[in-house]
Amino acid sequence: MASRIRIAIDCMGGDFGLRVSIPAAVISLSQFSDIDLTLVGDQSAIESALPNAERSRLTIVHAPDVVEMSDKPSHALRKKSQSSMRLAIDLLQQKQVDAVVSAGNTGALMAMGCYVLKTLPGIDRPAICSAVPSTTGHSYLLDLGANVDSSAQHLHQFAVMGSALACAVDGIERPRVALLNIGEEAIKGNEQVKLADTLIQANQQLSYIGFIEGDGLFAANADVIVADGFVGNVALKACEGTAGYISAILNDSFKASLLSRLAGFFALPVLKRIYQKLDPEQYNGASFLGLQGVVVKSHGSSNVKGFVHAIEQARLEVSSNMLDMIDQQLAALSEN
């Protein structure tokens, strides 16, 4: 592991651009003494947004263009070679940095990552993976939308990559892997999921526990939960929407009357703990697993706190040598 971890930040991407990326960069430098940051974007705008802080661990790379959230991935790939997103990925490909963090257009980031970095040997398609809360901590859910239609072989590859991520970042010796399905019985599910079940079960490198249903996402029975991108994305968005709904209902209920406000005052410590567990910003930072480089996607509407978490996720993946661990598991798989 290198003594310094170098992370490039696409400062212009996302809904808020510099208003979030620059404060997050400054906070991250104060929290993590082992990182150096390369800020990629409009140099004059970055200079104006930076406070009068220590810049010895900061480098600015000028990018005259920006990938808009509305850009099609194919357009961004062909026409935005001088964008902040593309130049950040180029720095990773040239090994001038160890990781990239962006809140920009997800499709464009994936397209550029695949084109510039390529996929790891043995991986057909990258997958988007993110932590989701569980009763005892968190689990990793993938794929979250990179592939809307995945074969059984792809799901098997996702299981290998997710297991390697949990092992590297969380230090779990044999992460428990599960397949998200419409039932736990062997007869449930489509042919793709049934075949994936057979493939993953045959892989002795994985600690496979079988199928789980949607109501088991937060039960802490699995460390890694595998689904195709369509199912995984719908599951994640449904969970985020449910968390927002619960928060809104509680807020309205405690404002209903003077007695409710009084009850809310005494319940505030408990409510804060619940909110911290459900806060999506705490789990911000989705990993693009399968690329030949560490690429972490922050949610486009993330706040500063969430962007800091995305930078931390990139730091953890580099410091834990996650890519090497995925390589080792893929090599062991090819030998069998």
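Residue numbering for the sequence shown follows the numbering used here, beginning at 1 and increasing consecutively. C-beta: ideal position from N, C-alpha, C; glycine also.
Which of helix, strand or coil does DSSP assign to residue 224?
Residue mapping note: residue 224 aligns to position 224 of the sequence shown, counting from 1. Strand, per DSSP.
Excluding the 5 residues flanking residue 86 on each side, which residues of the same chain have their C-beta closer than 7 Å to its C-beta?
Locating residue 86 in the sequence shown gives position 86, where the first residue counts as 1. Correct list, in chain order: 80, 112.
Per-residue burial, residue 34 [other beta carbons within 10 Å of its own, 16 or more giving buried]:
If you number the sequence shown from 1, residue 34 lands on position 34. Per the 10 Å Cβ criterion, exposed.
Shortest alpha-carbon distance to residue 364 belongs to which of 183, 149, 226?
In the structure as shown, the chain begins at 1 and stops at 336. Residue 364 is therefore absent and cannot be evaluated.
Counting only the same chain and skipping the five closest in sequence on each side, list residues whose C-beta sits under 6 Å from that of residue 134.
Here residue 134 is taken as the residue at index 134 of the sequence shown, counted from 1. Excluding residues within five positions, the ones whose Cβ falls inside 6 Å are 218, 220.
Can you tell me whether residue 294 is helix, strand or coil according to DSSP?
Position 294 of the sequence shown, counted from the first residue, corresponds to residue 294. Of the three classes helix, strand and coil, the one that applies to residue 294 here is strand, per DSSP.
Tell me, please, which residues DSSP counts as bridged to residue 359.
Only positions 1 to 336 of the chain appear in this structure, which leaves residue 359 out of reach.
Given a threshold of 16 other Cβ atoms within 10 Å of its Cβ, counted over all protein chains shown, does residue 260 qualify as buried or as exposed?
Along the sequence shown, one-based indexing puts residue 260 at 260. That one is exposed.
My assumption, with CB atoms under 8 Å, is that residue 167 sits in contact with residue 12. Please give the rounded CB distance.
On the sequence shown, position 167 is the one that residue 167 refers to. On the sequence shown, position 12 is the one that residue 12 refers to. So it is not a contact: roughly 34 Å between Cβ atoms.
Answer with buried or exposed for residue 262, where buried requires no fewer than 16 other C-beta atoms within 10 angstroms of its C-beta.
Counted from its first residue, the sequence shown places residue 262 at position 262. Residue 262 should be labelled exposed.
Taking the alpha-carbon of residue 61 as reference, which of 78, 72, 310, 97 has the nearest alpha-carbon?
To locate residue 61, count along the sequence shown from 1; it is residue 61. Nearest of 78, 72, 310, 97 to residue 61, Cα basis: 97.
Between the beta-carbon of residue 296 and the beta-carbon of residue 101, is there less than 7 Å?
Against the sequence shown, residue 296 aligns to sequence position 296. Against the sequence shown, residue 101 aligns to sequence position 101. It is a contact, given that the beta carbons lie within the stated cut-off.
Contact between the segment 185–204 and the segment 114–130 is defined here as three or more beta-carbon pairs at a separation below 8 Å; is this criterion met?
no
Curious, which full-length beta strand (DSSP E) runs of at least 3 residues does the segment 48–107 contain?
58–62, 99–102
Between which residues of its own chain and residue 361 is the CB-CB distance below 6 Å, once the five residues before and five after are set aside?
A query on residue 361 cannot be resolved here, the shown segment of the chain reaching from 1 to 336 and no further.
Per-residue DSSP class, three states only, for residue 141
Translated into positions along the sequence shown, residue 141 becomes position 141. Of the three classes helix, strand and coil, the one that applies to residue 141 here is strand, per DSSP.
Burial state of residue 149, where buried means 16 or more other Cβ atoms lie within 10 Å:
Walking along the sequence shown from the start, residue 149 turns up at place 149. So residue 149 counts as exposed.
What's the gap between the Cα of residue 173 and the Cα of residue 210?
Locating residue 173 in the sequence shown gives position 173, where the first residue counts as 1. Locating residue 210 in the sequence shown gives position 210, where the first residue counts as 1. Roughly 18 Å between the two C-alpha positions.
Assigned exposure category for residue 223 - 16 Cβ within 10 Å defines buried
Here residue 223 corresponds to residue number 223 of the sequence shown, with the count starting at 1. It is buried - the Cβ of residue 223 has at least 16 other Cβ atoms within 10 Å.
Just to confirm the assignment, what range does the beta strand (DSSP E) spanning residue 41 have?
Mapped onto the sequence shown, residue 41 falls at position 41. Element bounds for residue 41: 35–41.
On a CA-only basis, which of 331, 70, 47, 240 is nearest residue 144? Give me that one, please.
The residue you call residue 144 lines up with position 144 of the sequence shown. Nearest option by C-alpha distance: 240.
Burial state of residue 312 (16 or more Cβ within 10 Å):
In the sequence shown, the residue the question calls residue 312 occupies position 312. Buried, because 16 or more other Cβ atoms sit within 10 Å of the Cβ of residue 312.
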